[in-house]
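Asker: Below you'll find the structure I mean.
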Ligand code: HEC
Ligand code: HEC
Ligand code: HEC
Ligand code: HEC
Ligand code: HEC
Ligand code: HEC
Ligand code: HEC
Ligand code: HEC
Ligand code: HEC
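Numbering (the working numbering), first residue to last: 2 to 441.
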């Protein structure tokens, strides 16, 4: 850290910090925080607070830890700030014995994190726009505040992701971390390959968005795997379409369950239909139509679409299909390419596994999808052509009429030697190329 950068940070962030430092007589700002001992004033606070086990009983019965690791603080980026910048209300004069009323550990965290924004406005702003902050605003008791991911008394530099423990994300996303740790990416990272992604590479650290929300994560995949699209084009016809409608994990996470998710779209705006803030309709409507509670059938699905079409949108409510893994955890079980699904028949055959589970979904207010189960027949019923005509898999979803249309289109396609583009031919060619690999 250079002196100039430090000044810039503090002046733009909080003049308060500067004032405090001047008062404390911090002269050599070029000295690295890591090499500094703590100031005299800080030491006075630490005289009591570095005592292990120091704690305070709160009114609600919880205990608030009051211990601060002095050595870690001395090494941290916040050492130069001293204690008073963030704890203006705690001075040697007023405490103890003056006792501050603190309702609960969580309330304390929520109140205390506000201090971070004065110096780290950028991170604060990004965090404000995240799903985590949206959950906080809704009163979610386990959504993370700054100090869930950062120890304010041991603020460490950027490369702080802990490969072994998955901190800071694993504390709350344990099963995702386990899946990630066993994946190609987690394994590469364990071997010290820093070019492999960690949680925040794909989701970002502060501007975390709903995962199924958009194409942003996929763009990230392509940014690192720029050779992926051409590599798939070698064996997969219309690879761009396959990569668009099938999630990467559906082929690259071996042994996972897959499903088809049909997402509600506005046909004119070409955008996902989202629940209106404060008036969730989707589940209510679906439940009302699904009288037997077995999941929506083709006819029920049509009336659901009609109801949404009437909501005053530009176009009609239509469905877009996406083949994906059954759970967000499984999206992380990526394995090396030798285990990937490449057999056309995995999908392009009657009764194929991925098409046995179907969900209908809409974007919820925070971007997360709200799903409702549908019966498998919606993929094969003639009634569905109108609603899901934009998504079909030759042989897989078995909308017979569409299969015929596709076969026809393939046969009569103009300008392209498309007659050869039959599934059988491609399958054989591919099987030869990869030596008939087992499908997982
Ligand atoms: C003489 C020992 C002692 C010193 C010195 C001391 N503290 Fe404390 N501190 C305590 C005790 C004991 C409590 C718990 C008070 C209670 O139970 O309400 C406490 C509580 C706190 C709390 C929790 C909030 C509260 O007010 O209860 C903060 C924050 C804190 N101290 C910060 C500091 C800072 C900053 C300094 C230096 C300016 C400092 N302390 C100096 C003993 C000390
Ligand atoms: C960068 C700001 C910052 C600095 C510098 C800092 N603290 Fe804190 N401190 C916090 C925050 C934020 C919390 C609340 C953590 C949480 O969410 O549980 C906290 C919590 C505490 C607590 C527990 C009681 C409470 O209010 O949560 C004590 C005691 C405490 N700090 C003492 C100190 C002492 C002593 C120093 C100096 C050695 C110090 N702090 C330096 C931000 C800071
Ligand atoms: C969900 C966990 C999480 C939360 C909540 C969080 N951070 Fe971070 N933060 C991280 C991670 C992880 C990094 C490491 C940088 C990276 O991986 O991009 C980081 C990095 C930082 C950095 C170093 C500079 C940078 O951007 O890399 C600062 C400063 C910071 N966070 C401040 C904050 C503040 C202030 C808040 C609250 C408004 C906050 N963070 C909330 C996880 C979090
Ligand atoms: C008074 C200003 C100030 C406040 C308040 C403050 N910080 Fe910092 N923080 C700094 C400075 C200065 C640095 C070191 C310079 C830098 O690299 O940005 C730093 C560094 C960090 C880093 C490490 C960044 C890195 O790349 O080394 C994290 C993480 C961090 N702060 C989180 C927090 C959190 C969380 C809070 C609230 C509890 C907080 N800060 C409150 C001034 C502050
Ligand atoms: C290589 C990129 C990548 C990495 C690394 C990664 N994720 Fe994900 N994450 C994804 C994708 C892709 C999805 C699923 C998006 C979808 O549904 O299409 C996802 C989904 C999620 C979800 C939503 C789960 C659900 O139930 O729907 C959470 C939470 C999550 N990730 C957290 C994490 C955490 C924590 C880590 C680190 C241990 C991590 N991710 C690492 C790409 C990544
Ligand atoms: C203190 C707990 C906590 C921590 C730490 C935390 N999260 Fe979360 N996160 C949540 C909660 C609660 C939700 C909402 C419920 C859910 O989807 O799991 C959530 C949701 C998410 C989602 C959206 C999931 C979806 O369904 O689309 C992603 C992505 C995510 N977190 C990533 C991360 C990443 C990356 C980190 C670390 C940088 C992290 N989280 C750290 C509590 C946490
Ligand atoms: C239809 C299934 C399928 C989908 C969807 C798919 N892949 Fe693949 N992918 C494969 C197969 C099979 C291979 C191995 C081909 C081989 O061995 O030549 C492969 C190979 C790769 C490779 C190694 C490429 C190389 O240079 O050898 C990468 C990287 C990759 N895929 C990334 C992705 C990403 C990123 C996505 C999502 C955008 C994705 N894949 C979607 C089936 C798929
Ligand atoms: C930050 C860069 C980065 C991002 C982002 C990233 N990867 Fe990777 N990926 C890697 C590295 C590094 C490896 C290890 C490659 C190796 O072992 O040669 C890897 C390996 C893979 C492999 C195994 C390839 C093989 O040759 O066997 C697959 C499949 C894969 N990633 C898929 C994905 C998917 C899907 C995403 C997005 C959800 C993604 N990656 C995002 C860097 C990245
Ligand atoms: C993981 C499942 C999966 C695998 C494996 C797969 N496909 Fe597909 N394929 C699909 C889906 C889903 C669609 C429909 C996409 C849409 O209409 O949005 C599709 C569409 C097609 C189409 C129509 C493309 C167009 O331009 O409309 C052809 C041709 C095709 N696949 C051939 C193949 C061949 C040949 C293979 C093997 C080399 C293969 N597929 C492997 C799922 C798969």
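Don't be surprised by glycine CBs; every beta carbon is placed ideally from N, CA and C.
(1) Just to confirm before moving on: does the CB-CB distance between residue 184 and residue 334 stay below 9 Å?
(2) Scan the region 206-279 and note each continuous beta strand (DSSP E) run of 3 residues or more that stays entirely inside, going in chain order.
(3) Please report the straight-line C-alpha distance between residue 75 and residue 82, rounded to a whole angstrom.
(4) DSSP state of residue 84, grouped into three classes?
(5) Assign residue 360 to one of three DSSP states: helix, strand, or coil.
(6) Can you name, in chain order, every residue of its own chain whose Cβ lies under 6 Å from the Cβ of residue 147, other than the five neighbours on each side?
(7) DSSP has residue 134 in a bridge; who is on the other side?
(8) Which same chain residues, not among the five before or five after residue 137, have their C-beta less than 6 Å away from its C-beta?
(9) Would you call the region 88-97 and the region 168-187 touching, i.e. three or more CB-CB distances under 8 Å?
(10) Quick check on DSSP: helix, strand or coil for residue 325?
(11) Within the same chain, show all residues whose beta-carbon is closer than 6 Å to that of residue 446, passing over the 5 residues directly before and after it, in chain order.
(12) What whole-angstrom Cβ distance do residue 259 and residue 324 have, given they're in contact under 8 Å?
(13) Nearest-angstrom Cα distance between residue 19 and residue 119?
(14) Residue 162 by DSSP, collapsed to three states: which one?
(15) Say the cut is 8 Å; is the CB of residue 324 nearer than that to a heavy atom of ligand 9?
(16) Do residue 253 and residue 180 have their C-beta atoms within less than 9 Å of each other?
(17) Since residue 190 and residue 199 should fall inside the 8 Å C-beta cutoff, what is the C-beta to C-beta distance between them, to a whole number of angstroms?
(18) Does any residue of chain C bring its CB to less than 9 Å from the CB of residue 208?
(19) Buried or exposed for residue 210, please, with buried defined as at least 16 other CB atoms from any protein chain shown within 10 angstroms of its CB.
(20) Alpha carbon to alpha carbon, what distance is there between residue 340 and residue 235?
(21) Just the Cα atoms here: how many angstroms apart are residue 321 and residue 244?
(22) Along the chain, where does the alpha helix (DSSP H) containing residue 202 start, and where does it finish?
Answerer: Walking through what the data contain:
(1) Residue mapping note: residue 184 aligns to position 183 of the chain shown, counting from 1. Residue mapping note: residue 334 aligns to position 333 of the chain shown, counting from 1. One thing to note: residue 184 has its Cβ within 9 Å of the Cβ of residue 334.
(2) Listed in chain order, they are 259-267.
(3) As a position in the chain shown, residue 75 is number 74, starting the count at 1. As a position in the chain shown, residue 82 is number 81, starting the count at 1. Across the structure, residue 75 and residue 82 are spaced so that their CA atoms are roughly 11 Å apart.
(4) Your numbering for residue 84 matches position 83 in the chain shown. Coil at residue 84, not helix or strand.
(5) Position 359 of the chain shown holds residue 360. In the three-state reduction of the DSSP assignment, residue 360 falls in the strand class, which pools E and B.
(6) Position 146 of the chain shown, counting from 1, holds the residue named residue 147. Correct list, in chain order: 114 and 117.
(7) The residue labelled residue 134 in the question sits at position 133 within the chain shown. BP columns for residue 134 are empty, so no partner.
(8) As a position in the chain shown, residue 137 is number 136, starting the count at 1. Cβ within range, chain order: 144.
(9) Result no; under three Cβ-Cβ pairs closer than 8 Å.
(10) For the purposes of this step, residue 325 is taken as residue 324 along the chain shown, with counting starting at 1. DSSP, reduced to helix, strand and coil, places residue 325 within a strand of the structure shown.
(11) Shown here, the chain extends from 2 to 441; a query on residue 446 therefore has no answer.
(12) Within the chain shown, the letter at position 258 stands for residue 259. Within the chain shown, the letter at position 323 stands for residue 324. So it is a contact: roughly 6 Å between Cβ atoms.
(13) Taking the chain shown and counting its residues from 1, one reaches residue 19 at position 18. Taking the chain shown and counting its residues from 1, one reaches residue 119 at position 118. Confidence in residue 19 is poor, its pLDDT being 40 and thus under 50, which makes the residue's placement too unreliable to answer from.
(14) Residue mapping note: residue 162 aligns to position 161 of the chain shown, counting from 1. DSSP places residue 162 in coil when its eight states are reduced to three.
(15) Your numbering for residue 324 matches position 323 in the chain shown. Yes - ligand 9 has a heavy atom lying nearer than 8 Å to the Cβ of residue 324.
(16) Numbered from 1 along the chain shown, position 252 holds the residue referred to as residue 253. Numbered from 1 along the chain shown, position 179 holds the residue referred to as residue 180. The answer is no: Cβ separation not under 9 Å.
(17) Counting from 1 along the chain shown, the entry for residue 190 is found at position 189. Counting from 1 along the chain shown, the entry for residue 199 is found at position 198. The beta-carbon separation of residue 190 and residue 199, rounded to 6 Å, stays under the 8 Å limit for a contact.
(18) No chain C appears in the structure shown, which is made up of a single protein chain.
(19) Sequence index remark: in the chain shown, residue 210 carries index 209 (1-based). Of the residues assessed, residue 210 falls on the buried side of the cut-off, its CB having 16 or more other CB atoms within 10 angstroms.
(20) In the chain shown, the residue the question calls residue 235 occupies position 234. In the chain shown, the residue the question calls residue 340 occupies position 339. For the pair residue 235 and residue 340, the Cα-to-Cα distance works out to about 17 Å.
(21) Position 320 of the chain shown, counted from the start, is the residue given in the question as residue 321. Position 243 of the chain shown, counted from the start, is the residue given in the question as residue 244. Using only the alpha carbons, I get a separation of about 14 Å.
(22) For the purposes of this step, residue 202 is taken as residue 201 along the chain shown, with counting starting at 1. Per DSSP, residue 202 belongs to the alpha helix (DSSP H) from 200-204.
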